[in-house]
Amino acid sequence: MWRNLGLCLALLTAMLSLPAQAEKTAEDYINYIELKPFVTNFGGPGKVRFLKAEVTIQVEDPAAHHAVNAHMAHIRNDLVFLFSAVEEDQVGSVAAQQVLAEKALSAVQQLLKEETGQTHVSDLFFTSFVTQ
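Numbering (mature numbering (1 follows the signal peptide of the UniProt record, and there is no 0)), first residue to last: -22 to -1, 1 to 110.
(1) What are the boundary residues of the beta strand (DSSP E) that includes leucine 102?
(2) What is the rounded straight-line gap between the Cα of aspartate 101 and the Cα of leucine 89?
(3) State the start and end residues of the unbroken alpha helix (DSSP H) segment that holds glutamate 65.
(4) Applying the criterion that 16 or more other CB atoms from any shown protein chain within 10 Å of the CB defines a buried residue, is glycine 21 buried or exposed?
(5) Roughly how many whole angstroms lie between the Cα atoms of alanine 31 and arginine 54?
(6) Out of Ser106, Val99 and Phe104, which has the shortest C-alpha to C-alpha gap to asparagine 9?
(7) According to DSSP, which residues form a beta bridge with residue 112?
(8) Quick check: the Cα distance between valine 46 and threonine 34, rounded to an integer number of angstroms?
(9) Where do the N-terminal and C-terminal ends of the alpha helix (DSSP H) with valine 46 fall, by residue?
(10) Using DSSP bridges, identify the partner residues of alanine 31.
(11) With DSSP run on the structure shown, which of helix, strand or coil describes valine 37?
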């Protein structure tokens, strides 16, 4: 009999904590949006150079996820222009690529701020970065 009472108490405790867990999940929302790979030439006149970058954007709420998806074409356009304007020394090292990722994040945040009034995006990562 005590065994069943213990099980009932455990179930009751679990059921009472569900609303608190749901609230915590909503506050801790983090999602990643993978963009299709970018392939562009870069470096200006002279030798033709190519850059291929796979980009992932981090958002922290469903509204941000929706805003990024709603403005995806504009985001991709601005990132293609950013990537095509870089010089060889701006992509030649991991530190330089990190600086480029920060510029890309800033560009996406600025675009979303102009379009929606909020920056929405908390981070931007290169999941793959190849130059040739």
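Backbone N, C-alpha and C fix where the C-beta goes; we use that ideal spot for every residue, glycine too.
According to the structure data:
(1) Taken as a continuous stretch (DSSP letters only), the beta strand (DSSP E) holding leucine 102 covers 99 to 109.
(2) Our two residues, aspartate 101 and leucine 89, have alpha carbons roughly 14 Å apart in a direct line.
(3) Where glutamate 65 is concerned, there is no enclosing alpha helix (DSSP H), given that its DSSP letter is neither H nor E.
(4) By the C-beta density criterion, glycine 21 is buried, having at least 16 other C-beta atoms within 10 angstroms.
(5) One Cα belongs to alanine 31, the other to arginine 54, and the distance between them is close to 12 Å.
(6) Answer by Cα proximity: Val99.
(7) With the chain running from -22 to 110 in the structure shown, residue 112 is simply not present.
(8) One C-alpha to the other measures close to 11 Å.
(9) In the DSSP assignment, valine 46 falls within the alpha helix (DSSP H) that extends over 40 to 48.
(10) In the DSSP output, where bridge partners are listed per residue, alanine 31 has Phe16 and Phe107.
(11) It is a strand residue.
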